[in-house]
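Numbering (our numbering), first residue to last: 776 to 965.
The C-beta atom is built at its ideal place from N, Cα and C for all residues, glycine as well.
Because the structure is a prediction, the values reported are computed rather than measured.
As structure tokens, then:
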């Protein structure tokens, strides 16, 4: 018998002591699928139009799924759990700069803002990418420029995202990359 996260004993169920489930399987599959699809689209942009477009459609589908899952998914997947005001995000970033930011079991305020920023940027990329395949916008310069600017902005956001994960992992002494694979994080101190 092992104890569950709420302390109940369950026969035959093994859990790692001191951890709790945070990221549900669909959030984790979404996250790593998005990494793969975006990388494929980015790497194939100049090499294979068909692969680039197919990867773009996958990204669009994943973004649509994540928006829906942000409304109806489990607690830590929901936007209501992690989207905070700009003032709260700025306070959190100030505290992070001083290495005194509070630990959050789900997304912290900066992470929540990053989720929203990335979803918006990816929606702009896929929307403008789709527009470039239509008769109405084929070869239209501003659409191509919007697409390219959004891609470059997304690369900047991804670098900031990775740096934020590294910093939060260091500050709170927990491996957030591993948590995105396992779905589990260290239990809050009682």
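Item	Value
In DSSP terms, what residue 877 is bridged to	Residue 877 pairs with nothing; no bridge assigned.
Bridge partners - residue 959, DSSP secondary structure assignment	796
Exposed unless 16 or more other CB atoms sit within 10 angstroms - verdict on residue 884	buried
Identity of the residue in 797, 795, 802 and 793 nearest residue 890 by Cα	802
Three-state secondary structure assigned by DSSP to residue 782	Since pLDDT at residue 782 reaches only 39, below the 50 mark, its modelled position is unreliable, and no value is offered.
Beta-carbon gap between residue 809 and residue 838 smaller than 9 Å	yes
Anticipated Cβ contact below 8 Å, residue 893 with residue 842, distance rounded	About 12 Å; that fails the 8 Å criterion.
Close Cβ partners of residue 797 (< 7 Å) along its chain, the five nearest in sequence each way excluded	851, 880, 881, 954, 958, 959 and 960
Cα-Cα separation, residue 949 to residue 806	19 Å
Test item: CB-CB of residue 795 and residue 962 under 9 Å	yes
Residue span of the alpha helix (DSSP H) that contains residue 889, given as start and end	884-906
Same chain, Cβ closer than 6 Å to residue 812, neighbours up to 5 away in sequence not counted	830, 833 and 834
Proximity of residue 888 and residue 861 at Cβ, strictly below 9 Å	yes
Nearest residue (CA-CA) to residue 818, options 934, 926, 932 and 863	926
Start and end residues, alpha helix (DSSP H) containing residue 909	Where residue 909 is concerned, there is no enclosing alpha helix (DSSP H), given that its DSSP letter is neither H nor E.
Residue range of the alpha helix (DSSP H) that includes residue 852	From DSSP, residue 852 is part of no alpha helix (DSSP H); its letter is neither H nor E.
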